[in-house]
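Chemist:
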Amino acid sequence: MWLPIHPVLRFSHPGGPDGIEEGIIATKRTQKPPKPASKIETHLGYFKVSFYQDRRAPILPATYPPNKAKWVMPGEKVTVEGIVIEAGFLYVGSLLRGRSYYENDGCLVNPSLPIKADPTGVQASLGYFVDRLYEHTCPERRWAFLQWNAGGRKDPDVQNDSLAIFLAGLERRLMIDRLYGEVSTVERYALLDELVRLMSLYQSHSHFVECAAELLVIDWLLAGGDLSTCSVYDKLENFQIGAREFQIQLAFTISKRMPLRGETMLRWLAVENPHWLKGPVVRCPVAFRKLFTQRFDATFGQGLVVKPCRTPLVIELEPMNDAVDVLSLEHHPPLPDPSELRQPWVQVYPIFESCLKDLDAYSRYLGREGAKGFSLFGLSYLPPELTAEFKQGREVLVRLQQWFQSKETYQMIRLDDLYREFGEVVFEKVLKQRLIRLAHLCDLLGYGIAPDPRFPVFAPFTQDQFLLFEGGFGADFEPSRDFEGMVPFVRMAAMLCRPDQDLANVIAGPVVQALREHQTLSDVEKRGLTAYFLWCFQAEQKTRGLRVSLKNIALEEKHQFGRKLLVYAHLGRGMSAKKMKLLERFYGFLGLKKDQVIADLHDLTSAGEPMLVANAGAATGYAIPRPVDETPGAKRIHLDPALVRAHREETEQVQWVLSDLFGDDTTEEKTKPMRPEPSPNTLAAQEFANTLDAIYRPLLHRLVTQASWPSGDFEAHAKSHGLMRNGAVEMINEWSFATLDAPLLEDHGDTLTVDQDLLEELRHGAS
1 MWLPIHPVLR FSHPGGPDGI EEGIIATKRT QKPPKPASKI ETHLGYFKVS FYQDRRAPIL
61 PATYPPNKAK WVMPGEKVTV EGIVIEAGFL YVGSLLRGRS YYENDGCLVN PSLPIKADPT
121 GVQASLGYFV DRLYEHTCPE RRWAFLQWNA GGRKDPDVQN DSLAIFLAGL ERRLMIDRLY
181 GEVSTVERYA LLDELVRLMS LYQSHSHFVE CAAELLVIDW LLAGGDLSTC SVYDKLENFQ
241 IGAREFQIQL AFTISKRMPL RGETMLRWLA VENPHWLKGP VVRCPVAFRK LFTQRFDATF
301 GQGLVVKPCR TPLVIELEPM NDAVDVLSLE HHPPLPDPSE LRQPWVQVYP IFESCLKDLD
361 AYSRYLGREG AKGFSLFGLS YLPPELTAEF KQGREVLVRL QQWFQSKETY QMIRLDDLYR
421 EFGEVVFEKV LKQRLIRLAH LCDLLGYGIA PDPRFPVFAP FTQDQFLLFE GGFGADFEPS
481 RDFEGMVPFV RMAAMLCRPD QDLANVIAGP VVQALREHQT LSDVEKRGLT AYFLWCFQAE
541 QKTRGLRVSL KNIALEEKHQ FGRKLLVYAH LGRGMSAKKM KLLERFYGFL GLKKDQVIAD
601 LHDLTSAGEP MLVANAGAAT GYAIPRPVDE TPGAKRIHLD PALVRAHREE TEQVQWVLSD
661 LFGDDTTEEK TKPMRPEPSP NTLAAQEFAN TLDAIYRPLL HRLVTQASWP SGDFEAHAKS
721 HGLMRNGAVE MINEWSFATL DAPLLEDHGD TLTVDQDLLE ELRHGAS
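Number 376 in the UniProt record's numbering belongs to position 376 of the sequence shown; there are no gaps in the numbering.
(1) Tell me which residue opens and which closes the alpha helix (DSSP H) that Tyr419 is part of.
(2) Can you grab the Cα-Cα spacing for the pair His78 / Lys70, in whole Å?
(3) Please work out which residues of its chain come closer than 8 Å, Cβ to Cβ, to Ser112, disregarding the five sequence neighbours upstream and downstream, and give them in chain order.
(4) Scan the stretch 455-487 and note each continuous beta strand (DSSP E) run of 3 residues or more that stays entirely inside, going in chain order.
(5) Looking at the structure shown, is Arg29 part of a helix, part of a strand, or coil, going by DSSP?
(6) Taking the alpha helix (DSSP H) that Gly393 falls in, what are its first and last residues?
(7) Quick one: give me the first and last residue of the beta strand (DSSP E) that Ser94 is part of.
(8) Within 10 Å of its beta-carbon, does Glu340 have 16 or more other beta-carbons around it, so buried, or fewer, so exposed?
(9) For Val186, count neighbouring Cβ atoms within 10 angstroms of its own Cβ and tell me buried if that reaches 16, exposed if not.
(10) CB Gly262 to CB Phe292, shorter than 8 Å?
(11) Can you give me the C-alpha to C-alpha distance between Tyr410 and Pro156, rounded to a whole angstrom?
(12) Quick one: Cα of Leu438 to Cα of Leu400, how far?
(13) Closer than 7 Å by C-beta to His518: which residues in its own chain qualify, once you throw out the five before and the five after it? Chain order, please.
(14) Going by other Cβ atoms of all chains shown within 10 Å of its Cβ, with 16 needed for buried, is Asn321 buried or exposed?
(15) Could you check if Asp693 is buried or exposed, using at least 16 other CB atoms within 10 Å of its CB as the buried criterion?
(16) Indicate the three-state DSSP secondary structure (helix, strand or coil) for His436 in the structure shown.
(17) Is it the case that the stretch 740-758 contacts the stretch 700-715, given that we only count it when at least three CB pairs across the two stretches are under 8 Å?
(18) Which residues in the same chain as Pro334 place their Cβ atom closer than 8 Å to its Cβ, once the five residues preceding and following it in sequence are excluded?
(19) Please go through the same chain and pick out, in chain order, the residues whose beta-carbon is closer than 7 Å to the beta-carbon of Ile413, but skip the five residues on each side of it.
(20) Under the DSSP definition of a beta bridge, which residues are partnered with residue 774?
(21) Using DSSP bridges, identify the partner residues of residue 774.
(22) Here's the rule: buried if 16 or more other CB atoms are within 10 angstroms of the residue's CB, otherwise exposed. What is residue 772?
(23) Rounding to the nearest angstrom, what Cα-Cα distance links Met495 and Ala514 in this structure?
(24) How long is the line joining the alpha carbons of Lys68 and Val92, rounded to whole angstroms?
(25) Would you please state the rounded distance, in angstroms, between the beta carbons of Leu195 and Leu170? I believe it to be under 8 Å.
(26) Which ranges does the alpha helix (DSSP H) cover as unbroken runs of at least 4 residues, wholly within the stretch 325-377, from first to last along the chain?
(27) Taking buried to mean at least 16 other C-beta atoms within 10 Å of its own C-beta, is Lys551 buried or exposed?
(28) Is it buried or exposed, His332, if we count other Cβ atoms within 10 angstroms and call 16 or more buried?
(29) Give the secondary structure of Glu316 by DSSP, where H, G and I count as helix, E and B as strand, and everything else as coil.
(30) Quick one: Cα of Asp337 to Cα of Ala251, how far?
(31) Based on the DSSP output, what are the partners of Thr293 in its beta bridges?
(32) Determine whether the beta carbon atoms of Leu108 and Glu135 lie at a separation below 8 Å.
(33) Going by the beta-carbon positions, is the gap between Met486 and Leu546 smaller than 8 Å?
(34) Just reading off the beta strand (DSSP E) that Trp143 is part of, what are its end residues?
(35) Output the distance between the C-alpha atoms of Gly151 and Leu201, rounded to the nearest integer angstrom.
What follows is the structure, given as structure tokens:
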């Protein structure tokens, strides 16, 4: 007959306590301790028990004196050398036999032993404190233990041996006294609550936490192996606590070929691979857990079925109290050992790594002083899947959507106004990474911003305001080739129309209508280009980057762009000297000769027929010049052919003067020697690395000269500067996060890449 009791409830010596001194405890023990069971029955099956032999067990005398100790409950006052203790959960007395006949149990508080009130005499404790007994420790440590109990066991600077003595008492109460029926269910729950509280309070004492977790395993098995029998396990939020119980349940689940869900896999990972628990897993555990389970369920559906291994699961337990033997448990029939399985991690690790990467910026943001996880900035750091998963996050999104709805369609918005509306810190300069995260938030609400910094085609972006429009680009938008070609054309058209900005309705209407009627652009692209044109029309623009963005456009398409720009130049008040200068510059960017402006203008006016700007419709349609019968009596623009020819000849004669005035890049290249310019990457390192520690600056100056580095070359450069590879990458990326909210270096193992977009932003003065 197998006794459903825990085998650890066996005394290490033969015989045992045969009575209690009357007056200390009301009940007497007249029965002998039961023989140890070789099996324990739980709802998971039977466990086979094996004991380690103790070769140190002494030979006991024939007679065994009774114990003279009392178990003190909370609320009972105990005074030891003038120190009053009301927290309870202590053995107090003069005799409480443990493993050896010649020594008391290590948890016994003997009032007859001396104590000394000397805080300076309490030295640092060792990591392993199994032999730290109340009876053998120094008087200063006894005083520290009593003071800790008198203060309610809350002092964060408690010594390790004080935790060891108290834990040994809980083990004796839950494992030995419980066998004799002296521990009620209410007291058991109170003991477990106190144990969990101490585990949470003293997490930095790793040895204490491990031994306390072993005690929870013993209590769990004694309760039948069912977590539902004790609500205390619901309070164990730390992955490391309750690892043994989880290991047994996991082995049982794997043996039955039952699917494992995301929560189970994450708990398994924490138990078997604690070195993976870093960064976002520690800084934002709730967000990481939600993101991991979402992606795991999306990948594996109902769960992952793991093939069991043949290695049996054997659990070894070593209680703190010496009155109990070390034992091992093996399930019958054998359960697979989860620690021997590797294939599940090959499948799950990519999901885990993606969660680490996507939450890295959010966890770093939380590490800053004064950071709020659910502020507008905090939400912008979260992955899109998690933004609406939290109540506080949903409230911020609703407030942001209401603020957007209060604005007009295609309205310019200053970032300062948005920051102040939500009580955020107003920054002096706009960072590209902050705008990218703001664009992600807008996607969730069905809005977009122009220009959108997520797409390089809109570079450069140096304004502190953006244009808000409904619909947006969407999270999955990929710009087409036609879209990328139209972006620089829209910029040039807006710059030509900007001198007559007071006639916005007359000027912007034809351009917007032409964009909406484009044959090859999608609706999303038309909507985005319209918003971008209106932003360029209202914000002051420069020509930086236009030449580069036009280099991949076909020559015939460039000619068409030039003719369309001539048409848009006539809008508003017609052609002017400023518009003529802009046209000549734009023709140079298009790879066309400046003389071609006069030729195209002559062809346009000599055709004798109006040129259509946009199809007629309910909105506005314009032809330049306007038909005679369309607006009778209206003022018309006339171009005298003779005057045009004279202007052309004059332009040819003073071309070198105009080129010098208007910045003709082509003419300057022919007439003036080229001045060597420093590399943009070198400028970035020289101007903006000053805030980096001086020891890392030479290495940074070297790294930014290339987009990528082989691992060997990078390690050689780091070594030449007296730096370690991982440490250098970490410190440079920390500096990059502080300035640009993004890592500058990406270590792929065999190669190291430098983010060129961040360097470009540095070159243009972002900080």
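Backbone N, C-alpha and C fix where the C-beta goes; we use that ideal spot for every residue, glycine too.
Modeler: By the coordinates alone:
(1) 415-421
(2) Checking the displayed sequence, the identity of residue 78 turns out to be Val instead of His. Roughly 11 Å between the two C-alpha positions.
(3) Ser94
(4) 465-470
(5) Legend: pLDDT at Arg29 = 41, less than 50; position of this residue unreliable, value from coordinates given subsequently. Shown here, Arg29 sits in coil according to DSSP, grouped into three states, outside any helix or strand.
(6) 391-405
(7) Residues 90-95.
(8) exposed
(9) exposed
(10) yes
(11) In this structure, the CA atom of Tyr410 is about 57 Å from the CA atom of Pro156.
(12) 11 Å
(13) The beta carbon of His518 is closer than 7 Å to those of Lys526 in its chain, skipping five residues each way along the sequence.
(14) Residue environment analysis places Asn321 among the buried positions, since at least 16 neighbouring C-beta atoms fall within 10 angstroms of its C-beta.
(15) exposed
(16) Inspection of the sequence shows that residue 436 is occupied by Ile rather than by His. Note: Ile436 maps to helix in three-state DSSP.
(17) Flag = yes, the stretch 700-715 and the stretch 740-758 touch.
(18) Pro312, Leu313
(19) Lys407, Gln465, Phe466, Leu468
(20) No statement about residue 774 is possible, as the shown extent of the chain runs from 1 to 767 and does not include it.
(21) One cannot answer for residue 774 here, as it falls past the ends of the chain, which runs 1 to 767.
(22) The question about residue 772 has no answer here: the residues shown for the chain are numbered 1 through 767.
(23) 16 Å
(24) 9 Å
(25) 6 Å
(26) 343-366
(27) exposed
(28) Classification of His332: exposed, given that the 10 Å Cβ count is below 16.
(29) strand
(30) 6 Å
(31) DSSP lists no partner for Thr293.
(32) yes
(33) no
(34) Counting along the chain, Trp143 falls outside any beta strand (DSSP E), though it belongs to the alpha helix (DSSP H) covering 139-150.
(35) 14 Å
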